[in-house]
Amino acid sequence: MKSSERSFARRIDLTSLQLFVAVCELGSIGRAAEREFIAASAVSKRLSDLEAAVDTALLYRHSRGVTLTPAGESLLHHARTVLFGLERMQGELSEYAEGVRGHVRMHANISAIVQFLPEDLGHFARAHSQIKIDLQEHLSPEVLQAVQEGAADLGICSLGNASQGNGAAELQSRPYRSDRLVLVMPQTHALSAREAIKFDEVLDWDIVGLHAGSSISLAMRAAAAQAGRPLRQRIQVTSLDTMCRMIDNGLGVGLLPDRAFALMQGLGRLAAVRLDEPWAERELRLVARDFDALPVTARLLVEHLAPKISPSP
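Under this note's numbering, the first residue of the sequence shown is numbered 1112, with each subsequent residue one higher.
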């Protein structure tokens, strides 16, 4: 850290940041003082000292209360981030005191969460009961962004189109699992007797799909653009089970990973046909900024999920 940065950090007082956020949320120094059980004059003094520390006005003061200056808007964003980080730190340290030996923050896409992670994380949790795993489901591009920005220690997602513009080139990755996309339809559908199908034939039908930013949607859009044909994705849903229910009720066909479809059996009278395209074979990958620099707990999880596999840039 540069000396100027250290000097700035020393001038910023955490209590003043908390009071600043309270004033911004309530729009009044007086109301913030009541909520924080401190004299209004003391709040006003701390705000003045904060403005002096950053050398710019943060609030417009008027008879009805206060409003933020552009600099104040920026500080509010950063102050909330700092205070949230402190709350997380306090929560994690308190769990260490209660016997939890570590945390692993993981983001994964829906394909990994539905098909593989319940069993894999269950086995890991039984072997390492004092390691807590915080798992969040996100789209593949969001998983990459979270790892890149440090919001997650590990990610599991499909790369391909999802890696564009998310700093994925700066991340390391390891193979995790693979799956194959299949076309799902009602058992009475005209295509249900087929053994395999090309994607350009799928474009003749209405499609039930996931989020526009999901790896499957991105792959479909790229394939449709290459074929020079529109993608008739009439319905977008947020989960694979909802997609199956939509398809079962005649609202279109959809692409699902093969193992996910097997796990969804019972959600309707559905059939699956193998998608005969190179991009239908997909690889889910573990991603991290630097596998060697991960905390010990995260490295244990990586070894459990991808044993004896060397990272590739």
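C-beta atoms are modelled at their ideal positions from N, C-alpha and C, and glycine is treated no differently.
- The way I'd put it, the segment 1339-1354 doesn't touch the segment 1386-1395; fewer than three beta-carbon pairs between them come closer than 8 Å.
- About 7 Å separates the beta carbon of Ser1289 from that of Leu1395, a gap short enough to meet the 8 Å contact definition.
- Contact between the segment 1231-1239 and the segment 1251-1261 is not established, with fewer than three Cβ pairs separated by less than 8 Å.
- About 4 Å separates the beta carbon of Asp1317 from that of Gly1363, a gap short enough to meet the 8 Å contact definition.
- Classified as exposed, His1188 has fewer than 16 neighbouring CB atoms from the shown chains inside 10 Å of its CB.
- One thing to note: Val1319 has its Cβ no nearer than 7 Å to the Cβ of Leu1367.
- Residue environment: Val1254 is assigned as buried (16 or more neighbouring CB atoms within 10 Å of its CB, all protein chains considered).
- Per the DSSP secondary-structure output, Pro1297 pairs in a beta bridge with Leu1381.
- Counting only the Cα atoms, Glu1198 lies some 26 Å from Phe1402.
- The secondary-structure analysis by DSSP pairs Pro1368 across a beta bridge with Leu1292.
- Rounded to whole angstroms, Ile1221 and Tyr1287 show a C-alpha spacing of 14 Å.
- Listed as beta-bridge partners of Ala1338 by DSSP are no residues whatsoever.
- Val1313 has its alpha-carbon roughly 56 Å from the corresponding atom of Leu1169.
- DSSP, read as helix, strand or coil, puts Lys1309 in coil.
- When only Cα atoms are considered, His1214 and Ala1223 end up about 20 Å apart.
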